[in-house]
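Sequences listed follow chains F and G, in order.
Be aware that the first sequence starts at 1317, since it is given in my numbering, and climbs by one per residue.
Be aware that the second sequence starts at 593, since it is given in my numbering, and climbs by one per residue.
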Amino acid sequence: MRNYMIRRVIQMAFLLVFVTALIYFILNLFPGGPFDSLRFSSDPRDADPREIARLEAFLGLDKPWYERYVTWFTGMIRGDWGSSWALATGVPVAELMKQRLGNTLQLTVGATIVSLAFGLVIGIYSAVRQYTWKDNAATAFSFAGQSMPTFWLGLMLIIIFAVRLQWLPAGDLYTPGKSTDLVDKLQHLILPVVVLSVIQIALWSRFVRSSMLEVLRQDFLRTARAKGVMERVVLGKHALRNALIPVITIIGLDIPAIFSGAIVTETIFNWPGMGKLYLDSVLRHDVPVAMGVLTVIAFLVIASNLLADVLYAVADPRIRYE
Amino acid sequence: MERPTSRIQRAATMLLALAFVATACAQQPPSGAQQTQQTQQTAALKDTIVVGMSQEPDTLFFPIGNMYVASVVSSAINKNLTERNDKNEYIPRLADKTPTIENGGAKLTKTADGKDQLSVTYKLRDGVKFQNGDPVTSEDVKYSWELNQNKDVPVVGRSTGARYQTINTPDVKTVEVVYKPGELDPVYFAFCCTIVSKKLFATKDLKNIKQDPFNRQPIYNGPYQVKSWDAGSAITVEAVPEHWLGKQKTKTIIFKFVTDANTLLAQVRSKQVDVVTEDALTLDQIPELDKLPTEAGVTPYYMPSATWEHLDFNLRDPKVGAVNDAKPHPILSDKRVRQAIAYGINRDAMTKQILFGKTKQLNATVFPPSWAAASDSDVTVYNYDVNKAKALLDEAGWKVGGDGVREKDGKKLELKMQSTNAAIRAQTTQVMGNDLKAIGIKINIDLMVATKYFAASGDGPLYNGTFDLGLFAWVGGDDPLSFLYLCTEIPTKENNYTGSNTSAYCNKDYDKAQGEANNKLNQAERKPLYIQAQKIISADVPILPLYQRLNQTLAKTTLKNFKPAPTNTPPTWNAHEWELPL
């Protein structure tokens, strides 16, 4: 296992370098730059290419992309992720991401907990009550949840609960002036968590159901029942534990999403998280910020794959890595 | 033995119940005591006006930024020597009056070699101060210009300041701006630069000014000062006590950043937002906005903006592109074809369909509220006339083929219409494509991302001259001064694609009229020249003005003194006068 881990970590390092170089190259293929709006200034002298070139030089855009990538990469290794070009002039990228990461974690961890709770319960219940009307209802919910566009669901909830009923706020992190009010923050959290959770519950309940159904057919459960083990122990201890093995790995693979945020949900609910930060950075041609967010996501994807493999081996003693 | 399924049922029921309880706790119907408290809170909140914008400013150090949303905040926290109001007039702010040639505030003299030299004198009004209590002096104004021109500072938009030769400061209140000889700035009463405190900036590291806290916590001279900036959420500004502009009617203004237009409207309807700036609304929301007065107590304001959509005809052969000595366009170099296209597009119906009738078709390149706007009698007007369009095409030798598309010498009358993929452009190109199909012109629409369409250095069709018909918008300036369609403004490969005249239109008579008008200061002398230029260009029709875009803003119906401007002036220009009654 140790050798396997060392090998994987080395692979991770090389993969990260390759991925970040590729992302940087692709980002720099976008035509235009942070000063495009000057071209439509009412005074064409502001659009003078020499003037734009002078401004671009402040950002290092007078150098070729590979030189800029090396500068960025060596800075990133030292902990300097560069400064924002267009979203928050001069603010370090690391600081921007730190500000947003907390907001994203509130949303995604909350949604993950809710999704796990409901996903497990619904999935187990569906498996135990297979082909009953309750199982069919859960299946229908699952299909509906997976098919429903996030932006539509979000807007519908806003219209119903914020506009019509005025029970909950229509987006934002908190009411202006109430940044320390926990109840206010919780109220703002409800709708976006519901939106994110619906899809996750729909997906995870199906995984749990399939996994449970597979395990429920196993002989060792019949043996346990024959030995007089109570049904709740058969299901809760023996069946569920084995059924959760693939679910654990799926959750592990979802870790990048937990940190990278949900772009659509954050946009609809005006939630200043990592997803929205990434979207804004791409729209405003803010390469350092986009690189920062994408690098974090790339690292998390690579790391979570490793974590999922390790967890799988931990959960299932039959798995051994050489 | 307990049935295991009933345990699962109980667990599920409990979880669902918890969820409902959480929701119910979110908003309990108020008790009497709570209602009083809420009313008091509501009453307190009337001291606060919430403004919704679509983006977060990148910086509040305005010389290095160029975002519209930054100018919205700027208008509340910073004032210049003069400021444009909702009537397109420059009113005095830091200055005690707006200097003009007529009132003696500006003078035109001759240099030794006979060139005109303009000088403008401002007198600072009594009591003007920065938000830290320091008085605003003439030295601060001069320093602000020097900062603007400092090459070590990434200032955006230095061209106006570059026209000044020097600034004299004979006393603490007097600022004399002396232009370079020959530089006749028609908007001479608008000072070039954001005014900052020399004392404050003397200690700053200007080379690393982007990292300075001033970007997020600035000190200016306006009636409101930044209290807090919650990154990603909102900027809160508070009234500066005993401000030289007078007592502010509202204590606090909160500028919220809400990216999605639908979410923002939902916040308006749910009374979380009182004012919405124009950047945050889209044209397709107009039918919904019109319902707001009755449904939500909010009034939409539609002001024709300084941004105008137009269709450029490429007069160069697109197969060759933007080079010197380019060949004429095989189809569009014929004026009759361009005029036929102009007559064949129903711009009146277009404005009704796309802009819901809130604006009218444009017939000139300069339009109200500009004082140099040409009336319809001054220019060639291309009102929709299918018969005229067809007749012109017949005259030009384009005959209708079997498939309904016109042809001449074995070639089809087929043109590529290119633009960005913004929704309004997608609609506009579709409408034009259908109209032109009816007169026998086949239009191939090609939409792309803006960064590609407008790319310089030969990467995009507009500047590399490979388009046939190009749809886009110009943003008009404060003054009709314009270089857009001069012969010297044609972008070519040889000049590194510099210039705005993407049609490659070149008419010496137009250049003469426009050039002369650009080099005068007196409105009475300039106006007939601008009219003349518009007459020439409308007859030649190298570009077809389509319509003015709209500035849509929203404000609570009860908000007093909300006066949005029909120009680029943000609606916060008089935020200190806003009053939201209890």
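Ideal Cβ positions, reconstructed from N, Cα and C, are used throughout, including at glycine.
So residue i and residue j are supposed to be a Cβ contact under 8 Å. How far apart are they, rounded?
i: G:Leu-686; j: G:Val-712; result: That pair is no contact at about 14 Å.
i: F:Pro-1588; j: F:Asn-1452; result: The pair is not a contact, with the Cβ atoms about 40 Å apart (cut-off 8 Å).
i: G:Tyr-893; j: G:Gln-931; result: The pair is not a contact, with the Cβ atoms about 36 Å apart (cut-off 8 Å).
i: F:Asp-1632; j: F:Ile-1566; result: Not confirmed; about 14 Å, so no contact.
i: G:Val-971; j: G:Ser-1130; result: 4 Å
i: G:Asn-760; j: G:Val-770; result: 7 Å
i: G:Asp-909; j: G:Pro-922; result: 6 Å
i: F:Ala-1402; j: F:Leu-1412; result: So it is not a contact: roughly 12 Å between Cβ atoms.
i: G:Asn-1166; j: G:Asn-1153; result: 6 Å
What in chain F is Cβ-close to residue i, meaning under 7 Å?
i: G:Ser-825; result: Asp-1488, Leu-1489 and Pro-1588
i: G:Asp-871; result: Here the premise fails: no neighbours, minimum Cβ distance about 12 Å.
i: G:Thr-828; result: Pro-1492
Could you work out which residues of chain F lie near residue i, taking near to mean beta carbons separated by less than 8 Å?
i: G:Pro-1158; result: Here the premise fails: no neighbours, minimum Cβ distance about 15 Å.
i: G:Thr-651; result: Ala-1404, Thr-1405 and Gly-1406
i: G:Gly-1052; result: Pro-1347
What residues from chain G crowd round residue i, counting only those whose CB sits closer than 7 Å?
i: F:Asp-1352; result: Thr-1043 and Phe-1046
i: F:Val-1479; result: Ala-858, Arg-861 and Ser-862
i: F:Leu-1471; result: Asn-854
i: F:Phe-1341; result: By Cβ distance, chain G contributes nothing, its closest Cβ being about 17 Å from F:Phe-1341, past 7 Å.
Residues of chain G with CB closer than 9 Å to the CB of residue i, please, in chain order.
i: F:Arg-1416; result: Ala-823 and Gly-824
Please check if any C-beta of chain G sits within less than 8 Å of the C-beta of residue i.
i: F:Thr-1583; result: yes
i: F:Gly-1568; result: no
i: F:Pro-1508; result: no
i: F:Thr-1405; result: yes
i: F:Phe-1615; result: no
i: F:Gln-1482; result: yes
i: F:Ala-1402; result: yes
i: F:Ser-1527; result: no
i: F:Lys-1501; result: no
i: F:Lys-1592; result: yes
i: F:Ser-1431; result: no
Does the beta carbon of residue i sit closer than 8 Å to a beta carbon anywhere in chain F?
i: G:Leu-1172; result: no
i: G:Arg-861; result: yes
i: G:Gln-629; result: Interpretation of G:Gln-629 is limited by its pLDDT of 39, a score under 50 that renders its predicted location unreliable; no figure is taken from the coordinates.
i: G:Gln-757; result: no
i: G:Val-867; result: no
i: G:Lys-1112; result: no
i: G:Ile-656; result: yes
i: G:Lys-802; result: yes
i: G:Thr-1084; result: no
With distances taken from CA atoms, which of the options is nearest residue i?
i: F:Met-1472; options: F:Ser-1463, F:Ala-1486 and F:Ala-1460; result: F:Ala-1486
i: G:Glu-1086; options: G:Lys-841, G:Tyr-1055 and G:Asp-970; result: G:Tyr-1055
i: F:Glu-1582; options: F:Asp-1364, F:Glu-1383, F:Val-1563 and F:His-1504; result: F:His-1504
i: G:Ile-641; options: G:Ala-1157, G:Trp-1165, G:Ala-1147 and G:Cys-785; result: G:Ala-1147
i: G:Asn-800; options: F:Ser-1495, F:Phe-1374 and F:Lys-1494; result: F:Phe-1374
i: G:His-1095; options: G:Lys-1104, G:Gln-1126, G:Ala-1105 and G:Pro-1083; result: Per the sequence presented here, residue 1095 of chain G reads as Ser, with His not at that position. Answer by Cα proximity: G:Pro-1083.
i: G:Asn-916; options: G:Ser-969, G:Tyr-1097 and G:Asn-677; result: G:Tyr-1097
i: G:Tyr-1102; options: G:Asp-876, G:Phe-1075 and G:Tyr-1089; result: G:Phe-1075
i: G:Gln-709; options: G:Asn-742, G:Tyr-780 and G:Gly-1107; result: G:Tyr-780
i: F:Lys-1347; options: G:Lys-1044, G:Ala-1014 and G:His-1168; result: The sequence given here has Pro at residue 1347 of chain F, not Lys. With distances taken between Cα atoms, F:Pro-1347 lies closest to G:Lys-1044.
Between which two residues does the beta strand (DSSP E) carrying residue i extend?
i: G:Phe-1064; result: 1061 to 1067
i: G:His-902; result: 890 to 905
i: F:Leu-1569; result: That residue, F:Leu-1569, is in no beta strand (DSSP E); its alpha helix (DSSP H) goes 1556 to 1569.
i: G:Arg-676; result: 674 to 676
Locate the alpha helix (DSSP H) running through residue i, then write down its first and last residues.
i: G:Lys-1000; result: No alpha helix (DSSP H) contains G:Lys-1000, which is instead part of the beta strand (DSSP E) from 998 to 1000.
i: G:His-1168; result: Where G:His-1168 is concerned, there is no enclosing alpha helix (DSSP H), given that its DSSP letter is neither H nor E.
i: G:Pro-1053; result: 1053 to 1056
i: F:Met-1472; result: 1466 to 1473
i: G:Tyr-1122; result: 1115 to 1132
i: G:Asp-940; result: 939 to 946
Since residue i meets chain G, which of its residues come closer than 8 Å, beta carbon to beta carbon?
i: F:Leu-1371; result: Pro-746 and Val-748
i: F:Gly-1348; result: Ala-1042, Thr-1043, Lys-1044, Phe-1046 and Ala-1047
i: F:Ile-1475; result: Ala-858
Can you pull the chain F neighbours of residue i, defined as C-beta to C-beta under 9 Å?
i: G:Gly-889; result: Those do not exist, as G:Gly-889 stays about 13 Å from chain F at its closest Cβ, beyond 9 Å.
i: G:Lys-848; result: Asp-1488, Pro-1492 and Asn-1586
Say yes only if the C-beta of residue i is nearer than 7 Å to one or more non-hydrogen atoms of the ligand MN, and no if none qualify.
i: G:Gly-696; result: You won't find the ligand MN in this model; it holds no ligand whatsoever.
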